[in-house]
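Chains A and B supply the protein sequences, listed in that same order.
When we follow this note's numbering, the leftmost residue of the first sequence carries the number 1, and every step to the right adds one.
When we follow this note's numbering, the leftmost residue of the second sequence carries the number 1001, and every step to the right adds one.
Even glycine gets a Cβ: it sits at the ideal position worked out from N, Cα and C.
Data first, discussion second: the structure below is written as structure tokens.
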Amino acid sequence: QKEVEQDPGPLSVPEGAIVSLNCTYSNSAFQYFMWYRQYSRKGPELLMYTYSSGNKEDGRFTAQVDKSSKYISLFIRDSQPSDSATYLCASGNEKLTFGTGTRLTIIP
Amino acid sequence: ETGVTQTPRHLVMGMTNKKSLKCEQHLGHNAMYWYKQSAKKPLELMFVYSLEERVENNSVPSRFSPECPNSSHLFLHLHTLQPEDSALYLCASSQEFAVAGVPHEQYFGPGTRLTVT
């Protein structure tokens, strides 16, 4: 079993839709959870960083962690074509374990 | 230059060649990382350096040899690679590796696209 599982997609949604991206993890000791966004031909950049369970909101983005089910989610409201990218979830403690990334396309 | 830079951006090498990837960070960070990114696979951590000392080596074959001469520069020396080593190699840096078990935000470079023929 992979430590962090993420559906690679691809996922295509129309502009303005709400996007839901999800990951599961297997190690109940993981305390820190991150979402990175990677544009084509670029390195990943940190989008959201959360500790333990709960929600964190930043503009159109909301990160949600449910430690009881070991489920991590990223919601994007009012999606824009500029949100088209690959989204990688990561979780861990000192060391992060990444998912495979989900490729997202927002269709104008 | 700002952020994390990597050279070359693209590299094609034969299995008998020796080449090096270079990474430089302009952020004043103390930790640097090498990752391998292959299609449909998770980002794989290869090596971590903290204050120029290697603190993590994730069972990486010896044909990959890292070098960290100072906190701003990181190299990955490559020799006798295999076609399955073709991937995007990403360098990252963070303020520290981890303090009291807390991971720091990592800043990534654009990567070197390596093709082994």
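Residue-chain proximity (residue 1012 (chain B), chain A), Cβ-Cβ < 9 angstroms: Residue mapping note: residue 1012 (chain B) aligns to position 12 of the second sequence, counting from 1. No, residue 1012 (chain B) does not count as interfacial toward chain A.
Members of the stretch 74-99 of chain A near chain B, C-beta cut-off 9 angstroms: 88, 90, 92, 93, 94, 95, 96, 97, 98, 99
CB of residue 1025 (chain B) within 9 angstroms of CB of residue 1003 (chain B), strictly: Working through the second sequence from its first residue, we reach residue 1025 (chain B) at position 25. Working through the second sequence from its first residue, we reach residue 1003 (chain B) at position 3. The answer is yes: Cβ separation under 9 angstroms.
Span separating the alpha-carbon of residue 1103 (chain B) from that of residue 1097 (chain B): Here residue 1103 (chain B) is taken as the residue at index 103 of the second sequence, counted from 1. Here residue 1097 (chain B) is taken as the residue at index 97 of the second sequence, counted from 1. Their backbone Cα atoms lie some 7 angstroms apart in a straight line.
Where the stretch 41-63 of chain A meets chain B: residues whose CB sits under 9 angstroms from a CB there: 41, 42, 43, 44, 45, 46, 49, 51
DSSP-derived helix/strand/coil call for residue 57 (chain A): In the first sequence, the residue the question calls residue 57 (chain A) occupies position 57. In the structure shown, residue 57 (chain A) sits in a strand (DSSP, three-state: E or B).
Under 9 angstroms between C-beta atoms of residue 1114 (chain B) and residue 1013 (chain B): Against the second sequence, residue 1114 (chain B) aligns to sequence position 114. Against the second sequence, residue 1013 (chain B) aligns to sequence position 13. Taking 9 angstroms as the Cβ cut-off, residue 1114 (chain B) and residue 1013 (chain B) qualify as a contacting pair.
Any chain B beta carbon closer than 9 angstroms to residue 2 (chain A): Position 2 of the first sequence, counted from the start, is the residue given in the question as residue 2 (chain A). Yes, its Cβ sits closer than 9 angstroms to a Cβ of chain B.
Sufficient close CB pairs (3 or more, under 8 angstroms) joining the stretch 1027-1037 of chain B to the stretch 1088-1095 of chain B: yes
CA nearest to the CA of residue 98 (chain A), picked from A:12, A:29, A:24: Your numbering for residue 98 (chain A) matches position 98 in the first sequence. Looking at the Cα atoms, A:24 is the closest of the given residues.
Rounded Cβ spacing between residue 47 (chain A) and residue 36 (chain A) (contact assumed at less than 8 angstroms): Numbered from its first residue, the first sequence carries residue 47 (chain A) at position 47. Numbered from its first residue, the first sequence carries residue 36 (chain A) at position 36. The pair is a contact, with the Cβ atoms about 6 angstroms apart (cut-off 8 angstroms).
Chain B contact for residue 71 (chain A) (CB, 9 angstroms cutoff): Mapped onto the first sequence, residue 71 (chain A) falls at position 71. No, because no Cβ of chain B sits closer than 9 angstroms to the Cβ of residue 71 (chain A).
Those residues which DSSP pairs with residue 1019 (chain B) across a bridge: Residue mapping note: residue 1019 (chain B) aligns to position 19 of the second sequence, counting from 1. DSSP, once it has assigned bridges, lists B:1078 as partnering residue 1019 (chain B).
Local conformation of residue 66 (chain A) per DSSP, three classes: Locating residue 66 (chain A) in the first sequence gives position 66, where the first residue counts as 1. Reduced to three states, the DSSP call for residue 66 (chain A) is strand.
Beta-carbon neighbours of residue 32 (chain A), restricted to chain B and to distances below 8 angstroms: By 1-based counting over the first sequence, the position of residue 32 (chain A) is 32. Under the 8 angstroms cutoff, chain B gives 1102, 1103.
When A:6, A:5, A:31 are compared against residue 51 (chain A), the one with the closest alpha-carbon: For the purposes of this step, residue 51 (chain A) is identified with residue 51 of the first sequence, where counting begins at 1. It is A:31 whose Cα lies nearest to the Cα of residue 51 (chain A).
Contact belief for residue 77 (chain A) with residue 10 (chain A) at Cβ below 8 angstroms, rounded distance in angstroms: Numbered from its first residue, the first sequence carries residue 77 (chain A) at position 77. Numbered from its first residue, the first sequence carries residue 10 (chain A) at position 10. With a Cβ gap of about 20 angstroms, residue 77 (chain A) and residue 10 (chain A) do not count as contacting.
Proximal residues to residue 1086 (chain B) (C-beta, below 7 angstroms), its chain only, five neighbours per side dropped: The count along the second sequence starts at 1 and reaches residue 1086 (chain B) at position 86. Correct list, in chain order: 1114, 1115, 1116.
Between the CA atoms of residue 65 (chain A) and residue 75 (chain A) - distance to the nearest angstrom: Here residue 75 (chain A) is taken as the residue at index 75 of the first sequence, counted from 1. Here residue 65 (chain A) is taken as the residue at index 65 of the first sequence, counted from 1. Computed Cα separation, rounded: 11 angstroms.
Cutoff 9 angstroms: residue 1061 (chain B) Cβ touching any chain A Cβ: Indexing the second sequence from 1 puts residue 1061 (chain B) at position 61. No, residue 1061 (chain B) lies away from the interface with chain A (no Cβ there is under 9 angstroms from its Cβ).
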